[in-house]
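So for the sequence shown, the working numbering puts the first residue at 1195; every next one is plus one. Heads up, the beta-carbon is just placed ideally off N, CA and C, and yes, glycines get one too.
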Amino acid sequence: MLTALALAQPQGTQQWTFVTVQGELARVRYAFEVHSRVRFLPGPATLTAVQLSPSLGVNLPGDVSLWAAYSRFEQLDGSRPDENRLWQQVLFDRDTDRLRFVMRARVEERFFVAVPSPAVRLRFLVRGSAPLGTKALRLLAQNEVFLHPLGAPGVVQGGFDQNRTQASLQWRPVPWLTLELGYMLQVQSSLALSHNVVTAVTFRLPKWNPFEPRDETDELPVPQG
């Protein structure tokens, strides 16, 4: 799956490009994701960050899965130190004809290069999407709150980190293409507000996995931050 997602902000535009491979063998699910971040305006386009993230999950009864992963963040713009991140999450994902409902609780252990103490971050996501008259057109709404019970000196502070609230329209004219247009309100740790226009294009490549991987979700990736 290839997704190009852009966030238009007053201070500039960021483009996130995700390449995701997903699969399933018995009850064990796996994924590998590579994403890059490019900042446009002001100035020339600049590659600011790259992330590599392999993950493993186990399906449990009742639409629940458990996940664990490692992520490597290369901050090419020097805005913060490079990061090695471990994370674990519980995911509830129920899909019916009328509504898809997702809840996720994640714990992240963030190890910044040359910073002696790691940070711990909690993330809580609630997402719902429903078709608008046809399965090709969907309305999506979600909210995710980020909290740092433990900060890293000189990099991130403990306490409230940010909150992201998003509403989008998704159109899937053909099975291999999804288009999205939406709005995201981001509340920063300083309580400053950031207004973002979200646009995304997702291409789904034909399945090649001999173990018949699970269908990719209709929900688009979200920048990790």
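query = Quick one: Cα of E1374 to Cα of T1396, how far?
reply = E1374 and T1396: Cα-Cα distance of roughly 9 Å.
query = What is the rounded straight-line gap between the Cα of R1332 and the Cα of A1394?
reply = So the two alpha carbons sit approximately 14 Å from each other.
ask   = Are the CB atoms of R1366 and A1330 nearer to each other than 8 Å?
value = Cβ atoms of R1366 and A1330: closer than 8 Å.
key: Anticipated Cβ contact below 8 Å, V1350 with A1313, distance rounded   = Between A1313 and V1350 the Cβ distance is about 5 Å, and since that is below 8 Å, they are a contact.
Local conformation of P1417 per DSSP, three classes = Here the model assigns P1417 a pLDDT of 48, short of 50, so the residue's position is not dependable, and the following value carries that caveat. In the three-state reduction of the DSSP assignment, P1417 falls in the coil class.
F1286 versus V1252: straight-line alpha-carbon distance, rounded = Between F1286 and V1252, the C-alpha separation is close to 12 Å.
ask   = Do you know how far the Cα of R1358 is from the Cα of L1385?
value = Rounded to the nearest angstrom, the two C-alpha atoms are 12 Å apart.
inquiry  = Just list the residues that DSSP pairs L1270 with in beta bridges.
reply    = None, per the DSSP bridge assignment.
request  = For the beta strand (DSSP E) containing V1301, list its first residue and its last residue.
outcome  = Membership of V1301 in the beta strand (DSSP E) is indicated by the continuous run R1294 to F1306.
query = Do the CB positions of V1301 and R1321 come within less than 8 Å of each other?
reply = Contact flag unset, no.
query = Measuring CB to CB, does V1309 end up less than 8 Å from P1347?
reply = For V1309 and P1347, yes; Cβs fall inside 8 Å.
query = If you count every other CB in all the chains shown that lies within 10 Å of the CB of G1376, and 16 or more means buried, which is it?
reply = G1376 comes out buried.
key: Outcome for V1392 when other beta-carbon atoms lying within 10 angstroms are tallied against a minimum of 16   = Result: buried.
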